[in-house]
Amino acid sequence: MNRLFAIDPWQVTTTQFNPATKRLQESLTAIGNGYMGMRGNFEEGYSGDTLQGTYLGGVWFPDKTRVGWWKNGYPEYFGKAINAPSFIGIGITINGERVDLATSQFRDFSLTLDLHQGLLTRRFTIEAPEAAVQFTFRRFVSNVIRQAALIEVTAKVLHGQAHLQFNATLDGNVTNEDSNYDERFWVPLQEDANAGSIQLETRENPFGVPRFTVLLQQGLRLNGQPIAGERTTTSGTLSEALAVDLAAGESMTLEKDVIVVTSRDVAETAQPAASATLLGQLQTNSFAQTLAAHTAVWAERWAQSDVEISGDDAAQQGIRFNIAQLFMTYYGEDKRLNVGPKGFTGEKYGGATYWDTEAYVVPMYLAVTPPSVTKALLQYRHDQLPGAYHNAQQQGLAGALFPMVTFNGIECHNEWEITFEELHRNSAVAFAIYQYTAYTGDESYVNTAGIEVLVGIARFWADRVHFSQRAGKYMIHGVTGPNEYENNVNNNWYTNLMASWVLEYTLARLPKADPTITGKLAVTDAEQAHWQDIIDRMYFPTDDKLGIFVQNDTFLDKDLRPASTIPADQRPLNQHWSWDRILRSPFIKQADVLQGIYFLNDRFTREQKERNFDFYEPLTVHESSLSASIHAILAAELGKADKAVELYARTARLDLDNYNNDTADGLHITSMTGSWLAIVQGFAGMRYDHDRLRFDPFLPKKWQRYSFAINYRGRVIAVSVSDHTTLTLRAGEPLDVWVNGERRHLVKEEGHA
189 MNRLFAIDPW QVTTTQFNPA TKRLQESLTA IGNGYMGMRG NFEEGYSGDT
239 LQGTYLGGVW FPDKTRVGWW KNGYPEYFGK AINAPSFIGI GITINGERVD
289 LATSQFRDFS LTLDLHQGLL TRRFTIEAPE AAVQFTFRRF VSNVIRQAAL
339 IEVTAKVLHG QAHLQFNATL DGNVTNEDSN YDERFWVPLQ EDANAGSIQL
389 ETRENPFGVP RFTVLLQQGL RLNGQPIAGE RTTTSGTLSE ALAVDLAAGE
439 SMTLEKDVIV VTSRDVAETA QPAASATLLG QLQTNSFAQT LAAHTAVWAE
489 RWAQSDVEIS GDDAAQQGIR FNIAQLFMTY YGEDKRLNVG PKGFTGEKYG
539 GATYWDTEAY VVPMYLAVTP PSVTKALLQY RHDQLPGAYH NAQQQGLAGA
589 LFPMVTFNGI ECHNEWEITF EELHRNSAVA FAIYQYTAYT GDESYVNTAG
639 IEVLVGIARF WADRVHFSQR AGKYMIHGVT GPNEYENNVN NNWYTNLMAS
689 WVLEYTLARL PKADPTITGK LAVTDAEQAH WQDIIDRMYF PTDDKLGIFV
739 QNDTFLDKDL RPASTIPADQ RPLNQHWSWD RILRSPFIKQ ADVLQGIYFL
789 NDRFTREQKE RNFDFYEPLT VHESSLSASI HAILAAELGK ADKAVELYAR
839 TARLDLDNYN NDTADGLHIT SMTGSWLAIV QGFAGMRYDH DRLRFDPFLP
889 KKWQRYSFAI NYRGRVIAVS VSDHTTLTLR AGEPLDVWVN GERRHLVKEE
939 GHA
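Here it is, written out as structure tokens:
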């Protein structure tokens with residue numbers, strides 16, 4: 189395999205530069221801190237093909253939905269993660285020649301993303317007229333002052349004389365590649381040359397969505413000392429120029445400190461003062477001191493979350509890259525935010541919230557972050573419950589319909605088969621409440637805010653089903669299941685299963701919930717009886733001859749053949765086939781029936797799991813980033829070790845190896861939990877049910893050992909798997925844990941082999 193970056197356990201690093209893979213490189217070297225982030229664009233600028241991207245958490249724009257045939261209930265706008273003003277710019281000339289790796293002569297290129305600390309370092313040497321100059325760039329966005337970005341460039345003259353000119357810029361004249369008709373989303377408000385700042389606002393919109401104001405301010409330091417260059421402004425931009433003369437052997441370091449504040453936290457009129465205060469705080473410490481404090485935060489997070497693998501550096505790099513990118517996207521500091529599918533790495537997909545959070549992110553974050561982080565994700569949905577009721581009403585239905593794509597709780601996806609039909613996302617929101625409660629043992633949320641969410645979702649499903657007089661069963665028609673390579677199907681098995689489960693779980697929780705809340709919800713005895721009737725008589729398509737749950741009513745009527753029959757040059761299908769051809773094919777984008785078996789694992793026999801896995805996995809093309817991990821977990825449970833390891837590699841290195849040929853658009857952030865899930869729930873077989881924590885581990889053939897730690901009900905448990913399994917209680921009260929069916933009693937700091 190021709191990999192863009194070298195295999196290294198703690199770094200994403202390369203000494204090669206290829207303009208043809210520039211966008212891919214930008215995605216793989218993106219950084220963030222949960223508040224903001226950017227792609228791995230070059231500070232000095234690049235005139236070749238590039239996707240410029242800087243993004244601010246919670247700052248978005250409602251772009252008008254444009255469709256040929258308007259449908260009642262259709263979202264009025266498509267919510268976009270907009271490209272924010274760029275603040276990394278440091279233009280450079282050497283003896284009058286602009287530094288631009290698209291046109292300049294250069295050598296000794298290297299690029300490294302250090303996963304320990306989210307630090308991006310780049311180095312190259314320019315052969316300019318009468319001089320050779322080595323440049324080293326370093327940048328990070330701070331975990332301590334989250335509004336702060338620090339960019340440092342060191343120039344060393346290797347030979348000759350160099351007149352270096354630097355131009356540090358703030359640039360609000362940016363666009364999105366996916367904007368309608370090249371529309372711009374930012375309107376300049378003011379430029380302040382004295383302060384070194386610019387202020388902009390998102391343009392007006394006709395949908396009542398609040399406009400966002402952002403202020404960016406920069407301060408420069410030369411060799412550690414504050415310095416003011418010559419500042420000039422144009423509409424929406426600020427430039428700060430300075431020049432340095434260096435002889436052979438001499439070097440200098442220019443630091444650019446940036447503060448970004450938005451109207452999400454600071455009112456427009458208060459932004460200049462707030463930014464100046466933050467910049468003053470930032471510049472009381474050196475670059476190295478701020479980096480050290482930032483790294484200390486990372487060290488604490490890695491101590492809780494790191495997965496160590498011996499014997500397979502590619503596997504090790506993959507999972508650490510994924511964990512780092514997840515934490516650079518979201519660590520629960522702002523309960524108004526969620527885990528965006530692209531994070532701060534690209535503009536594709538639009539919205540900031542998908543069902544991926546509840547289905548994939550929650551089970552990992554429960555185990556590797558403080559409980560408050562996951563609880564913030566649950567609270568995010570409760571806070572948007574009014575929007576969910578609005579979405580259901582738009583479809584003429586009762587209850588609450590959580591959006592497939594959103595920033596504010598209102599559905600803002602612009603594909604009808606998603607907006608109207610991919611309703612299973614509703615059940616994932618409820619399932620996250622169950623997972624949080626089962627894992628932490630904390631019932632405070634489900635009995636208060638959680639029950640409001642559950643009842644809203646249950647009422648939606650009770651209205652969305654219909655009763656078939658002919659079959660004597662409740663059914664759900666006109667849906668899209670997790671397999672998006674089928675649209676508008678009837679009785680998707682997974683959707684029916686999870687709708688029934690939501691009703692069942694809600695009924696079970698109602699008697700235990702806060703009576704002051706359930707009293708307001710007023711779920712009548714008749715309503716509860718109707719829910720129970722739906723549970724008892726829900727229709728689930730099955731095939732007794734094959735012994736499988738059928739994905740939907742007509743799935744078995746397709747031309748069934750394995751994905752291995754597809755010519756390699758026609759993969760991925762969504763980049764080679766018409767949508768019509770994909771919809772008619774038997775090929776499955778991601779786990780669908782198997783998603784339900786994964787969620788409600790203890791309800792199915794081993795034979796049922798095996799028959800369904802053996803039937804559906806060969807039909808699956810894994811062209812969703814969410815697919816491989818679920819299959820890996822079930823393969824591990826079924827003893828299909830080679831298949832589990834193969835699919836782990838796919839989920840762990842999906843972006844690093846660009847499996848689906850789409851990483852240039854940005855990383856697949858929410859699916860990155862899949863590598864952790866595949867190891868912990870798959871290889872280690874971790875399950876938590878009925879107040880029991882259990883493991884059924886195996887060791888992949890090429891691995892010598894793997895280890896991880898989890899937070900579980902106030903304890904920290906370290907797990908190490910080699911030719912034997914060791915569990916160590918690092919913190920908390922004694923606990924019984926089951927390993928391969930045998931009970932082990934853990935006491936703090938005692939290892940058990």
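Note that our numbering gives residue 809 to position 621 of the sequence shown, counting from 1, and the numbers run on in steps of one.
Cβ atoms here follow ideal geometry from the backbone N, Cα and C, with glycine treated the same way.
Nearest Cα to T712 within the set V677, A481 and L695: L695. In the displayed model, T309 falls within a strand according to three-state DSSP.
For W374, the three-state secondary structure derived from DSSP is strand. Counting other Cβ atoms within 10 Å of its Cβ, D302 reaches 16 or more and is therefore classed as buried.
A residue is called buried once 16 or more other Cβ atoms fall within 10 Å of its Cβ, and R508 is buried on that count.
Its Cα nearest to that of Q469, the residue D445 stands out among D445, T483 and N675. Taking 8 Å as the cut-off, the Cβ atoms of N676 and G666 count as close.
The three-state secondary structure of R295, taken from DSSP, is strand. The Cβ-Cβ distance between R799 and G902 does not fall below 8 Å. Only residues of its own chain outside the window of five on either side were considered, and among them N849 have a CB closer than 7 Å to the CB of Q763, listed in chain order.
Leaving aside the five residues that flank Q305 on each side, the residues in its chain whose CB is nearer than 6 Å to its CB run, in chain order, T483 and W486.
Following the DSSP letters along the chain, one finds R652 inside the alpha helix (DSSP H) bounded by residues A637 to R652. About 52 Å separates the CB atoms of P703 and A751; that is not less than 8 Å, and the two are not in contact.
Boundaries of the beta strand (DSSP E) around N355: A350 to D359. Between Q378 and L466, the C-beta spacing is not below 8 Å. If you keep only unbroken beta strand (DSSP E) runs of at least 3 residues inside the stretch 441–498, you get 496–498. By the Cβ neighbour-count rule, S235 is exposed, with fewer than 16 other Cβ atoms within 10 Å of its own. Fully enclosed alpha helix (DSSP H) runs of no fewer than 4 residues occupy 767–772, 781–787 and 794–804 of the stretch 750–816, in order along the chain. The stretch 452–465 makes no contact with the stretch 352–361, as fewer than three CB pairs between them are under 8 Å. Under the Cβ criterion (8 Å, minimum of three pairs), the stretch 511–527 does not count as touching the stretch 920–928. Looking at A906, G528 and N928, the one whose alpha-carbon comes closest to that of K936 is A906.
When the beta-carbon positions are compared, L358 and T425 come within less than 8 Å of each other.
In the assembly as shown, N382 is an exposed residue. Its beta-carbon has fewer than 16 other beta-carbons within 10 Å. Annotation for N899: the continuous beta strand (DSSP E) segment containing it runs R893 to Y900. At a cut-off of 4 residues, the continuous stretches assigned as alpha helix (DSSP H) that sit fully inside the stretch 599–634 are 604–607 and 613–628. Inter-segment contact for the stretch 537–548 and the stretch 579–598 is present: three or more beta-carbon pairs are separated by less than 8 Å. Only residues of its own chain outside the window of five on either side were considered, and among them L352 and M440 have a CB closer than 6 Å to the CB of V432, listed in chain order. By DSSP's assignment, R327 forms a beta bridge with L308 and I339. Membership of A906 in any alpha helix (DSSP H) is not indicated; the residue belongs instead to the beta strand (DSSP E) covering R903 to V909.
E214 is classed as buried because its beta carbon has at least 16 other beta carbons within 10 Å across all chains shown. Boundaries of the alpha helix (DSSP H) harbouring Y682: W681 to R697, taken from the DSSP string. Looking at the DSSP output, H912 sits in no beta bridge, so it has no partner there. Of the other Cβ atoms in all chains shown, fewer than 16 fall within 10 Å of the Cβ of N190; this residue is therefore exposed.
Rounded to the nearest angstrom, the gap between the Cα atoms of Y804 and K831 is 14 Å. Nearest to L192 by alpha-carbon distance, out of F619, W926 and T851, is T851.
Remark: fewer than three beta-carbon pairs, one from each stretch, lie closer than 8 Å, so the stretch 486–500 and the stretch 218–225 are not flagged as touching.
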